[in-house]
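Novice: Protein chains in written order, with the working numbering: chain A, 64 to 350; chain B, -15 to 337. The C-beta atom is built at its ideal place from N, Cα and C for all residues, glycine as well. All of these numbers come straight from a predicted model, not from anything done at the bench.
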């Protein structure tokens, strides 16, 4: 999972993508890799999971070997024009980037190419051994992964098309890139994970190197009816809630395809920084 | 006869249980003589089964077993087609519906699904045939987009790109030839290749002819939203709580004030208080030890929830109601109707006595 240069982490909104991205970054850095964890547009949770207030477009050092950054559209657009498309600065680039920023809202694929361009650009760089992307939720993942094909379909020539083709090759190369899906053992999250796997496999867009089930509750080892028979008390009520949830989760855990790693529900953690560090300790042995 | 419709908008971040709560609320409101409709967004399969929803359609269908209740699932593409047919001239409408960007926009513009939701809500209100309408909102921007979409959409169609290129007046189609002649656009054309920019500009130009009518529509939709009851659903997890705070801060700009915050998956604070006290009434020592340890975990979680909600409760003078965490996800009509039974203070807010 951590052996390639680019690792994209996605999943349904609210399942713990940012926590897992941060935890994987912590593990890789502990193993001596130079790691960049990068939050895509709209991801707000990564900074707090890394234990910092905010992340900027320039990589911030979190701990030895671990850096964090956040992609925002206007920076990404400027850099895309300058570095990737080699637009010369003598031209009225401000106006051009205004026009492109409206296009990015309108024409299919452009916005995704611009924002996906950044992590891939960083993955090509010698500065990092591993770039982890805290990606948009699974519902939008497909428009990011298929952006290169969308562009090549719409735009017959030009620099954007060439860049899109490079992006497509990088994502599809199983030696370079892989995708990890995070889910919780709940109906909607598992459904969306299954649909995403089917789509990614059908399009051969990127290798899926793992599915992580998050917030899994451990069985109590007491039959539910033994608890139900007790007189009412908070201990009984909490026991019934727990065993009921374990039962409901079991159904969906069975339905998760390629479910090779499970993370426990973490009780009583007050700060998100604690969560990522704890998850890193738990995942350490299995990635 | 036109009815006075009570509209309840259920909003909040993704994954907090908006759709389930919307369905439960609609079941609660529906009576044989109180025609109620719930518009859902992307319901889980088992919930869709319970409501007998099998495809996207803005046309409500009756829910089996609940007299007076209808349900629908938002079909954003159909809503947009309806908008174009209603607000564009016929020849423009035809061109737009055939344009390959049209579907892309309806699918991708971040506020597009939200705008479709607001348009469908307004259409339902205007039929005058419902006593109560419950609207589940798309999760985009933590539910904020549902309230910002009317003006954002009008702005988009107002043609930021076109205004920038051509000035304030609406240009004729001939302008496209002049416009591709500009050196700047030649560069854009080299970058983007082919005729992409021209295609998009032509498309935006067509959209822009709808601007006046659409802007008027947007302001009608906003009036409907201000008259509606707004419930914000959250859990005690940090991300949705942060979204709720952002929601309150940004909604004042559009003169919307939520009527209640619903904390979903809430744990009784009594569990937190019971941690550390002797556990009585469990004779078997093994079971007692396991349940005591388990209560310590869940009691700690209840304490964490209470701390997380301190920042929200009463902060904006809005009541905070709690929906208890239930082990069995409410997926049948019967379970759903029980979900909101013990939510103190909810009924008067949604107009039940």
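1) Does any residue of chain A bring its CB to less than 9 Å from the CB of residue 192/B?
2) Looking only at its own chain, which residues have a Cβ that is under 7 Å from the Cβ of residue 161/B, when we skip the five neighbours before and after it?
3) Do residue -2/B and residue 76/A have their C-beta atoms closer together than 9 Å?
4) How would you list, in chain order, the residues of chain B whose beta-carbon sits under 9 Å from the beta-carbon of residue 254/A?
5) Quick one: list the residues of chain A neighbouring residue 278/B, beta-carbon separation under 7 Å, in chain order.
6) Would you mind telling me which residues of chain A sit closer than 9 Å to residue 66/B, beta carbon to beta carbon, in chain order?
7) Does the distance from the CB of residue 317/B to the CB of residue 50/B come in under 9 Å?
8) State the start and end residues of the unbroken alpha helix (DSSP H) segment that holds residue 70/B.
9) Does the Cβ-Cβ distance between residue 217/B and residue -5/B come in under 9 Å?
10) By DSSP, does residue 266/A sit in helix, in strand, or in coil?
11) If I'm right that residue 134/A touches residue 104/A with Cβ under 8 Å, what's the distance once you round it to whole angstroms?
12) Taking 9 Å as the threshold (beta carbon to beta carbon), is residue 290/A in contact with chain B?
13) Can you tell me whether DSSP reads residue 23/B as helix, strand or coil?
14) If contacts are defined as beta-carbon pairs under 8 Å, then residue 126/A and residue 92/A qualify, I think. What distance do you get, rounded to the angstrom?
15) What are the start and end residues of the alpha helix (DSSP H) that includes residue 273/B?
16) Here's the rule: buried if 16 or more other CB atoms are within 10 angstroms of the residue's CB, otherwise exposed. What is residue 152/A?
17) Using beta-carbon positions only, say whether residue 302/B and residue 220/B come within less than 9 Å of one another.
18) I need the straight-line Cα distance from residue 332/A to residue 344/A, nearest angstrom please.
19) Per DSSP, which one or two residues make a beta bridge with residue 54/B?
20) Can you tell me whether residue 100/B is buried or exposed? The criterion is at least 16 other CB atoms within 10 Å of its CB, across all chains shown.
21) What's the C-alpha gap between residue 266/B and residue 303/A?
22) Under the rule that 16 or more other beta-carbon atoms within 10 Å means buried, what is residue 117/A, buried or exposed?
23) Counting contacts by CB-CB distance shorter than 9 Å, is residue 70/B in contact with chain A?
24) Taking Cβ-Cβ distances shorter than 8 Å, what residues in chain A pair up with residue 123/B?
25) Please report how far the alpha carbon of residue 152/B lies from the alpha carbon of residue 241/A, in whole angstroms.
26) Quick check on the burial criterion: 16 or more other C-beta atoms within 10 angstroms. Buried or exposed for residue 73/A?
27) Decide yes or no for the touch test of the segment 302 to 315 of chain B against the segment 289 to 308 of chain A: beta carbon pairs closer than 8 Å, at least 3 of them.
28) What does DSSP give as the partner residues of residue 33/B in its beta bridges?
29) Return yes when the C-beta of residue 31/B is under 8 Å from any heavy atom of the ligand ADP, and no when it is not.
30) Give the DSSP-derived three-state secondary structure of residue 221/B in the structure shown.
31) Relative to the alpha-carbon of residue 327/A, which residue among 289/A, 342/A and 317/A has its alpha-carbon at the smallest distance?
32) Checking 9 Å against the spacing of the C-beta atoms, do residue 175/A and residue 210/A come in under that value?
Specialist: Result, derived from the coordinates:
1) Chain A contact via Cβ: absent.
2) Bear in mind that the predicted position of residue 161/B carries a pLDDT of just 49, short of 50, making it unreliable; the figure below should be weighed with that in mind. Spatial neighbours of residue 161/B in its own chain (CB-CB distance under 7 Å, excluding positions within 5 residues in sequence) are not present.
3) Yes, the pair counts as a contact, with Cβ atoms nearer than the cut-off.
4) Per Cβ cutoff of 9 Å: 28 and 29.
5) The contacting residues are 283, 301, 302 and 305.
6) Near residue 66/B there are no residues of chain A at all, since even the closest Cβ is about 21 Å away, more than 9 Å.
7) Yes; because the gap between Cβ atoms is below 9 Å, this pair is in contact.
8) Element bounds for residue 70/B: 60 to 71.
9) Taking 9 Å as the Cβ cut-off, residue 217/B and residue -5/B qualify as a contacting pair.
10) DSSP places residue 266/A in helix when its eight states are reduced to three.
11) Indeed they touch by this definition, with Cβ atoms about 6 Å apart.
12) True, the Cβ-Cβ gap to chain B drops below 9 Å.
13) In the three-state scheme derived from DSSP, where H, G and I count as helix and E and B as strand, residue 23/B is classed as strand.
14) Indeed, because the Cβ distance is near 7 Å, the residues count as touching under 8 Å.
15) Judged by DSSP secondary structure, residue 273/B falls within the alpha helix (DSSP H) whose first and last residues are 269 to 294.
16) With a pLDDT of 47 at residue 152/A, under the threshold of 50, the predicted position of this residue should be treated as unreliable, though the coordinate-derived value follows. Classified as exposed, residue 152/A has fewer than 16 neighbouring CB atoms from the shown chains inside 10 Å of its CB.
17) No, the Cβ-Cβ distance between residue 302/B and residue 220/B is not below 9 Å.
18) Rounded to whole angstroms, residue 332/A to residue 344/A spans 15 Å at the Cα level.
19) Note: residue 54/B sits in a beta bridge opposite 21/B and 46/B.
20) Within 10 angstroms of the beta-carbon of residue 100/B lie 16 or more other beta-carbons, which makes it buried.
21) Approximately 14 Å, taken between the alpha carbons.
22) Looking at its Cβ environment, which holds fewer than 16 other Cβ atoms inside 10 Å, residue 117/A is exposed.
23) With respect to chain A, the C-beta atom of residue 70/B has no partner C-beta closer than 9 Å.
24) Correct list: 76.
25) Confidence at residue 152/B is low in this model, with a pLDDT of 49, below 50, so the placement of that residue is unreliable and no value is reported for it.
26) Residue 73/A is buried by the Cβ-count criterion.
27) Yes, the segment 302 to 315 of chain B is in contact with the segment 289 to 308 of chain A.
28) Beta-bridge partners assigned by DSSP to residue 33/B: none are found.
29) No copy of the ligand ADP appears in this structure; indeed no ligand is present at all.
30) Three-state result, residue 221/B: coil.
31) Relative to the Cα of residue 327/A, the nearest Cα in the group 289/A, 342/A and 317/A belongs to 342/A.
32) Here residue 175/A is near residue 210/A, since their CB atoms are less than 9 Å apart.
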